[in-house]
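Participant: If you read the sequences in order, they're chains A and B.
The numbering used here numbers the first residue of the first sequence as 1 and each following residue consecutively.
The numbering used here numbers the first residue of the second sequence as 1 and each following residue consecutively.
Glycine included, every Cβ here is placed at the ideal spot set by N, Cα and C.
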Amino acid sequence: MVAVNSPLATTLSNDEVLRYSRHLIMPEVGMAGQQKLKAARVLCIGAGGLGSPLALYLAAAGVGTLGLVDFDVVDLTNLQRQIIHTVDDVGRPKLDSAGEKLAGINPFVNVRKFETKVTSANALDLFRDFDIIADGTDNFPTRYLVNDACVLSGKPNVYASIFRFEGQASVFATEGGPCYRCLYPEPPPPGLVPSCAEGGVLGILPGLLGVIQATEVIKLILGSGESLIGRLLLVDALGMRFRELKLRKNPECPVCGTNPTVRELVDYNEFCGIRGEEAPVTASVPEIQPAELKVRLDRGENIFILDVREPHEYQICNLGGHLIPLGDLPARMNELDSSREIVAHCRSGVRSAKAVTLLRQAGFGKVENLAGGILAWSDKVDPTVPKY
Amino acid sequence: MKVSIPTPLRQYTGKQASVEVFARTVGEMLSDLTTQFPDLRKHLFSDDGKLRRFVNVYVNDEDIRYLENGNTPLKESDTVSIVPSVAGGS
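(1) Under 8 angstroms between the Cβ atoms of A:ARG164 and B:THR35?
(2) Do A:ASP135 and A:VAL151 count as a contact pair if the criterion is CB distance below 8 angstroms?
(3) Run through chain B and tell me which residues come within less than 8 angstroms of A:ASP138, C-beta to C-beta.
(4) Short of 7 angstroms in beta carbon distance, which residues of its chain neighbour A:LYS219, apart from the five on each side in sequence? Order them along the chain.
(5) Does any C-beta atom of chain A lie closer than 8 angstroms to the C-beta of B:ASP61?
(6) Rank A:ASN110, A:ARG241, A:VAL255 by C-alpha distance to the C-alpha of A:GLN168 and give the top, closest one.
(7) Considering A:ARG243, what are the terminal residues of the beta strand (DSSP E) in which it resides?
(8) Just how far apart, CA to CA, sit B:LEU74 and A:GLU244?
(9) Under three-state DSSP, which class holds B:LYS50?
(10) Taking just the CA atoms, how far does A:SER97 sit from B:ALA87?
(11) Using C-beta distances below 8 angstroms, list every residue in its chain close to A:PRO254, excluding the 5 sequence neighbours before and after it, in chain order.
(12) Please work out which residues of its chain come closer than 7 angstroms, Cβ to Cβ, to A:ASP148, disregarding the five sequence neighbours upstream and downstream, and give them in chain order.
(13) Tell me which residues share the same chain as A:SER348 and place their Cβ nearer than 7 angstroms to its Cβ, disregarding the 5 neighbours each side in the sequence.
(14) Among A:PRO107, A:PRO206, A:VAL350, which residue has its Cα nearest to the Cα of A:GLU287?
(15) Helix, strand or coil, according to DSSP, for A:ALA355 in the structure here?
(16) Would you tell me roughly how many angstroms separate the C-alpha atoms of B:ASP32 and B:ASP48, rounded to the nearest one?
(17) Any beta carbon of chain B sitting closer than 8 angstroms to that of A:LYS246?
(18) What residues of chain B sit near A:PRO178, judged by a beta carbon separation below 9 angstroms?
(19) Between A:LEU126, A:ILE45, A:ASN250, A:ILE212, which has its C-alpha nearest A:ALA173's C-alpha?
(20) Please report whether the beta-carbon of A:MET1 lies at a distance below 8 angstroms from any beta-carbon of chain B.
(21) Taking only beta-carbon positions, decide if A:PRO446 is within less than 8 angstroms of chain B.
(22) Between A:ALA59 and A:ASN106, how many whole angstroms is the CB-CB distance? I'm expecting something under 8 angstroms.
(23) For a contact defined as C-beta to C-beta under 9 angstroms, what are the partners of B:ARG41 on chain A?
(24) 8 angstroms is my cut-off, CB to CB: does B:VAL3 come that close to chain A?
(25) Please check if any C-beta of chain A sits within less than 8 angstroms of the C-beta of B:THR7.
(26) Quick one: is A:ALA355 buried, meaning 16 or more other Cβ sit within 10 Å of its Cβ, or exposed?
(27) Going straight from the alpha carbon of A:TYR144 to that of A:ALA353, what length do you get?
(28) Using a cut-off of 8 angstroms between C-beta atoms, extract the partners of B:ARG24 located in chain A.
(29) Starting from A:LEU233, follow the beta strand (DSSP E) in both directions and report where the run begins and ends.
(30) Taking A:GLU400 as the reference, which of A:LYS155, A:ALA160, A:GLY191 has the closest Cα?
(31) Determine, using beta carbons only, whether B:PRO84 comes closer than 8 angstroms to chain A.
(32) If I measure Cβ to Cβ from A:PHE71 and keep anything under 7 angstroms in the same chain, skipping five residues before and after, which residues do I get?
(33) When you compare the CB of B:GLN11 with every CB in chain A, is at least one pair closer than 8 angstroms?
(34) Below 6 angstroms CB to CB, which residues in the same chain sit around A:ILE229 once its five sequence neighbours on both sides are set aside?
(35) Taking the beta strand (DSSP E) that B:SER4 falls in, what are its first and last residues?
(36) Give me the Cβ distance between A:VAL17 and A:HIS23, rounded to the nearest whole Å; I'm assuming they're in contact under 8 angstroms.
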């Protein structure tokens, strides 16, 4: 099991004894377990979807030192799932918001806030003062960075990730156990697996998975139960099915194998194929600004509006355009009149830029992209159109 | 037998969560699957025809890398799962 460094023998005050009484009266925790929790130092990376329930439960359970790493600001779209933040926190740093809530739940917890992005330069320093790392980040470069830093510093990586209504959880990088790279040696190429911001996520899902992470953290600290080490838990919230798959430590793993080739932290953006600021696809296609489109439509010009979003997005808001989702466009170009001027739009202008490229390659001469999509239309022309 | 398709790849299988295939081995299963749904091919295989490293295939609860990879035999009663990495969390 995991050795939690407890520099001092910890004792509980009478207030703490009362607070933790439901733990103390069960033999699986008891006084010894509660003291271990108090001595434990857990670093939560990300105070968002997974980080919210994770940090709330760890604080409530009496984990003595809780580190939080985040550099983001609360926005309104976070509140559908990031339950540590409230309406009043919108615009505030997530760390300030989360720190207050945790102190409100349990003033005995020492909350340490790190307002930074985890990088190859700072990860090992950040991890140094903690026993267990809980990864609640949201992108592949940081996932690999956290994993490698855990392996190199010998600290367990309590892992969960989510997509739409499915999640994965495990415990990586324990002594003798597999790491994230044993499971997935390489990341997908950029753009192939959508993020939550692109693909959406069921609001309760980070709740389920974040609480599973908190459970695994607490079991590691207590040294009891059966850990997810060597198992990948798959959660399907829609089917409400929990499955598990076997994980093995890969002897050829580049970071935790017998002859590791990764002996220090690398450039994880490069590893994940992300090369600086990539030229946006929208730059290379002809565009029309929302205000100009409005003027020309008001003049009664014969412009065909093509909406390349999905049907469920059309239901949120639309400009009355003809709906052909981008994925269906190659097969449905016959619905379009190549002699007419066509303005394609989507939510933000990225998918419709691809549509414009497709149509131009297919011989449509008068196709333009609505710059900034329906979001820009809402900002610049018609604020009654909701943004999403 | 049925192959369960993970959410990120369902856009390439006509939104189906599981797909019926006829196969005696994992290799045949992947071949049948990508014949039925050609758009899946580039997401499952790299240009040199190897299964991509962020996609794992399991027969029941075991990773095919620890069985016989593409030669792993399949029975009608086996559960075959394709499990790609996902990174979301915020």
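Facilitator: Taking the structure as given:
(1) no
(2) no
(3) ALA87, GLY88, GLY89, SER90
(4) GLY225, SER227
(5) yes
(6) A:ARG241
(7) 241 to 246
(8) 19 angstroms
(9) coil
(10) 24 angstroms
(11) ARG181, PRO185, PRO260, THR261, VAL262
(12) VAL255, VAL262, LEU265
(13) GLY372, GLY373, LEU375
(14) A:VAL350
(15) helix
(16) 18 angstroms
(17) yes
(18) Result: empty, since nearest Cβ-Cβ is about 11 angstroms, beyond 9 angstroms.
(19) A:ASN250
(20) Residue placement at A:MET1 is flagged as unreliable, the pLDDT there being 48, under the threshold of 50; a coordinate-derived value is accordingly withheld.
(21) Past the edges of chain A, shown from 1 to 388, lies residue 446 of chain A, and the structure says nothing about it.
(22) 5 angstroms
(23) Within 9 angstroms Cβ-Cβ: nothing; B:ARG41 doesn't reach chain A, min ~13 angstroms.
(24) no
(25) yes
(26) buried
(27) 31 angstroms
(28) Within 8 angstroms Cβ-Cβ: nothing; B:ARG24 doesn't reach chain A, min ~22 angstroms.
(29) 231 to 236
(30) Absent from the structure is residue 400 of chain A, since the part of chain A shown begins at 1 and ends at 388.
(31) yes
(32) GLU115, THR116, LYS117
(33) yes
(34) VAL171, THR174, GLY177
(35) 2 to 4
(36) Going by Cβ atoms, the distance from A:VAL17 to A:HIS23 rounds to 10 angstroms, so no, they are not a contact pair.
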